[in-house]
Amino acid sequence: GISDALINRLGNIRQVVVRPTNAVRKYTDPGQDPMVIGRELGVDTVLDGNIQRAGERVRVTAQLINVRNNAPLWSETFDEKFTDIFTVQDTISERVVQALTLTLTGEEKKLLTKRPTSNTEAYQAYLKGRYFWNKRTEEGYKRAIEYFEESIEKDPRYAQAYAGLADSYALLGSMGNAVLPRSEAMPRAKLAAEKALLIDETLAEAHASLAFVLMHFEWDWPGAEREFKRAIELNPSYATAHHWYAYYLLARGRTDESLAEIKRAQEIDPLSLIINTDVGEMYFFARQYDRAIEQCQKTRELDPDFDLAVRLLGWTYLQKGMHEKAIAELQRAVSLSQGRRDSTALLGYAYGVVGKREEAKEVLSELKEIGKRSYVGPFEIALIYTGLNEKDQAFAWLEKAYDERSGSLILLNADPALDGLRSDRRFADLVRRVGTAR
-2 GISDALINRL GNIRQVVVRP TNAVRKYTDP GQDPMVIGRE LGVDTVLDGN
48 IQRAGERVRV TAQLINVRNN APLWSETFDE KFTDIFTVQD TISERVVQAL
98 TLTLTGEEKK LLTKRPTSNT EAYQAYLKGR YFWNKRTEEG YKRAIEYFEE
148 SIEKDPRYAQ AYAGLADSYA LLGSMGNAVL PRSEAMPRAK LAAEKALLID
198 ETLAEAHASL AFVLMHFEWD WPGAEREFKR AIELNPSYAT AHHWYAYYLL
248 ARGRTDESLA EIKRAQEIDP LSLIINTDVG EMYFFARQYD RAIEQCQKTR
298 ELDPDFDLAV RLLGWTYLQK GMHEKAIAEL QRAVSLSQGR RDSTALLGYA
348 YGVVGKREEA KEVLSELKEI GKRSYVGPFE IALIYTGLNE KDQAFAWLEK
398 AYDERSGSLI LLNADPALDG LRSDRRFADL VRRVGTAR
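See the structure below:
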C-alpha cells in the first residue's frame, strides 16, 4: 500500500519517470537485490523498504539507492502508530525529492503531500480493490467493485476509490461478461469518474477513466481526447493513460502518433505484458507485420504463455499468408485463454479465411449456442461471417454491434480483418456513424 501511494505521488513530478505498481509487484519477496531489480527495470534509482508491525505500531525502514554505483542517497527509519501511516508516506515522499535534488512547481508540491483519505479502513479497502482490479478478470472486477464501494462507504470523499470504481466498471463493460451488460457498466463507469473529478479535479486516473468511456462507448471523440490529454498532463508517468490514448489515436487514423504513444507507455512500464503485446498490435494495425511478429516474440520472452501475445502472433501470421502457423497459434491462444469468446471468434475467422469452412461454421454454431445462455458479442459473430465472405450476414451482425455500441467498432478503419468489407457502401456508412472517419 505504501509503495502504491508513493508511486502515485512521485508520478506527478514531471522530472522523473516512476515505474507503476504492476511493474514492481513481482519484486515484493524479501531478500531480493535492489541493484538487480533496478537494472531489470532500467531505472537510475530504487526506493527500497520494509515494514514491521507490532499491535498498533509500525516501523518503516526506507532507503533510496543509486543503481549505477550502489550508493545510498538517503535512508531513514520511522516508528509510528498504524493510524499515522499517512504521515510516513508524506515524509518519505519529501525525502526522496530532496535526495534527488528536484525543484518542484507549486502544483507538484501540493500533489506530493496530498492525502486522498485519512481513513485507514477506507484506504485498506481501496488497496484490496486495486489488487483485484489488476487481475483483469471478470471475477476480479466483481470483487474490485465490492471493495471500492466499501471504501467509498468508509469515506464518501475518497476520490481515488471512485476512480477505481470507474476503472472496474469500464473494463468490465469493455469485455463480454455475465456480471453486468455493457449498457449498464459503461454509464456507471462514467458516473463514478465524474464523482471522482467533482471531489478532486487533479486526479489523473479519473480523467483517464472518463476518457476511456467517452472513446469506447459514447464515441465522443473531442471529449475523449481532451480527457486523455488532461490525464497525461497531470501525471506523465501514468502508463494506462498513454496506453489507452494510443488506441484513441489509432481509431482516429493517427497511426504514427499512436505508435509513439504506446511506446511511451512501454517506456514507463517496460515489463507489462499487455502493453508489450499492444506495441505489437499497433505495428499490426499499421500493417508492419514483421515488426509485429518481432514484438510478439519479445513479449513471449517475458511470458511464453501470455494468451493475448500468442493470439496476436497467430493473427499476424494469418495476414502474412502463413496459414498453418496462424491456425496453430490461434488454437493455442484459445486453449491458454480458456475459451475467451474473442479468441475463439478469431480462430473461426481464420478457418474461414484459409478455406476450412466446416470448421469455421462449427465455431460459429458453438458461439451462437453459448449466446443462448451467456453473452457473446455480435462483433465476434460478424468477424466469423467476414472470414466466410458472407457479407450480408457480416453486416447484419455489425449493425447489432453498432446498436450495442461495441468498443470493437472504434477500430473499423484500422482492422485488417475487415478489409474484405471496405469496398461495400455499408461499411463507409458504418464508419461515418461511429465517427472514426477524419
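According to the working numbering, the sequence shown is numbered sequentially starting from -2.
The beta carbon of each residue, even a glycine, is placed where N, CA and C say it ideally should be.
Is it buried or exposed for residue i, if we count other Cβ within 10 angstroms and need 16 for buried?
i: D426; result: exposed
i: D389; result: exposed
i: D164; result: buried
i: D339; result: buried
i: L195; result: exposed
i: G250; result: exposed
i: Q86; result: buried
i: R133; result: exposed
i: S67; result: A small fix is needed here, since residue 67 is Asn in this sequence, not Ser. That one is exposed.
i: P233; result: buried
i: T98; result: exposed
i: Q49; result: exposed
i: P27; result: exposed
i: P113; result: buried
i: E291; result: exposed
i: E326; result: buried
i: T237; result: buried
i: S420; result: exposed
i: A119; result: buried
i: N47; result: exposed
i: G103; result: exposed
i: T100; result: exposed
i: D266; result: buried
i: D416; result: exposed
i: A289; result: buried
i: P219; result: exposed
i: R179; result: buried
i: D275; result: buried
i: G35; result: buried
Looking at the strands, I want to know which residues DSSP matches up with residue i.
i: S72; result: Q60
i: V360; result: Answer by DSSP bridge pairing: none, since V360 is not bridged.
i: E147; result: Answer by DSSP bridge pairing: none, since E147 is not bridged.
i: R54; result: A51 and K78
Over the uninterrupted beta strand (DSSP E) stretch that includes residue i, give me the two end residues.
i: Q12; result: Premise fails: Q12 is in no beta strand (DSSP E) and is neither H nor E.
Quick check on the DSSP output: the alpha helix (DSSP H) that includes residue i runs from which residue to which?
i: N47; result: Taken as a continuous stretch (DSSP letters only), N47 belongs to no alpha helix (DSSP H), being part of the beta strand (DSSP E) at T42 to A51.
i: N66; result: Unbroken run through N66: none, as it is neither H nor E.
i: V307; result: D304 to Q316
i: I82; result: I82 to A96
i: K388; result: K388 to D400
i: F129; result: T117 to W130
i: H240; result: A236 to A248
i: E105; result: G103 to L109
i: G161; result: A156 to G170
i: F282; result: L270 to F282
i: P219; result: W218 to L231
i: D26; result: Here D26 belongs to no alpha helix (DSSP H), and DSSP marks it neither H nor E.
i: F424; result: R422 to V431
i: F214; result: From DSSP, F214 is part of no alpha helix (DSSP H); its letter is neither H nor E.
i: G352; result: Taken as a continuous stretch (DSSP letters only), G352 belongs to no alpha helix (DSSP H), as it is neither H nor E.
i: K322; result: H320 to L333
i: L294; result: The identity of residue 294 in the sequence shown is Gln, whereas the question assumes Leu. Start and end: Y286 to L299.
i: A186; result: R179 to I196
i: D1; result: I(-1) to L7
Using 8 Å for Cβ pairs, my map puts residue i next to residue j. What's the rounded Cβ distance?
i: I4; j: V13; result: The Cβ separation is near 11 Å, so there is no contact.
i: L268; j: L299; result: 7 Å
i: A342; j: G349; result: Between G349 and A342 the Cβ distance is about 11 Å, and since that is not below 8 Å, they are no contact.
i: V351; j: I378; result: With a Cβ gap of about 19 Å, V351 and I378 do not count as contacting.
i: L6; j: S90; result: Correcting the residue identity first, residue 6 is Arg in this sequence and not Leu. Contact flag correct, Cβ pair sits at about 5 Å.
i: Y138; j: I149; result: Rounded, the Cβ-Cβ distance is 16 Å, inconsistent with contact.
i: Q157; j: L200; result: 7 Å
i: E143; j: I10; result: At roughly 33 Å, the Cβ-Cβ gap does not stay under 8 Å, so E143 and I10 are not in contact.
i: R354; j: L385; result: 6 Å
i: L38; j: A59; result: No, L38 and A59 are not in contact; Cβ-Cβ is about 18 Å, not under 8 Å.
i: Y286; j: T313; result: 5 Å
i: V307; j: L270; result: The Cβ separation is near 11 Å, so there is no contact.
i: T433; j: L409; result: 6 Å
Please decide whether residue i counts as near chain C, where near means a Cβ-Cβ distance under 8 Å.
i: M183; result: The structure shown has no chain C; it contains just one protein chain.
| query | Would the stretch 118 to 127 and the stretch 27 to 34 be scored as touching if the rule is three or more Cβ pairs under 8 Å? | reply | No: the two stretches stay apart, fewer than three of their Cβ pairs being nearer than 8 Å.
| task | Spell out a yes or no on whether the stretch 365 to 374 and the stretch 159 to 179 are touching, meaning 3 or more CB-CB pairs, one atom from each, closer than 8 Å. | result | With a cut-off of 8 Å, the stretch 159 to 179 and the stretch 365 to 374 count as touching, because enough Cβ pairs lie within range.
| Stretch-stretch touch, CB-based, cutoff 8 Å, three pairs: the stretch 38 to 58 with the stretch 71 to 83 | Contact between the stretch 38 to 58 and the stretch 71 to 83 is present: 3 or more CB-CB pairs across the two stretches fall below 8 Å.
| request: Report yes or no: do the stretch 395 to 409 and the stretch 202 to 221 share at least 3 C-beta pairs separated by less than 8 Å? | output: They touch, by the three-pair rule.
| task | Please determine if the stretch 151 to 163 and the stretch 357 to 371 are in contact, where contact requires at least 3 C-beta pairs separated by less than 8 Å. | result | No, the stretch 151 to 163 does not touch the stretch 357 to 371.
| request: Kindly confirm or deny that the stretch 250 to 260 and the stretch 273 to 288 touch, where touching means at least three C-beta pairs closer than 8 Å. | output: The stretch 250 to 260 makes contact with the stretch 273 to 288, as at least three CB pairs between them are under 8 Å.
| said: For the stretch 216 to 225 against the stretch 245 to 257, do three or more pairs of beta-carbon atoms, one drawn from each stretch, fall closer than 8 Å, so that the two count as touching? | reply: Cβ pair count under 8 Å is three or more, so yes.
| Does the stretch 199 to 208 touch the stretch 181 to 191, meaning 3 or more C-beta pairs lie closer than 8 Å? | Judged by Cβ distances under 8 Å, the stretch 181 to 191 makes contact with the stretch 199 to 208, as three or more pairs qualify.
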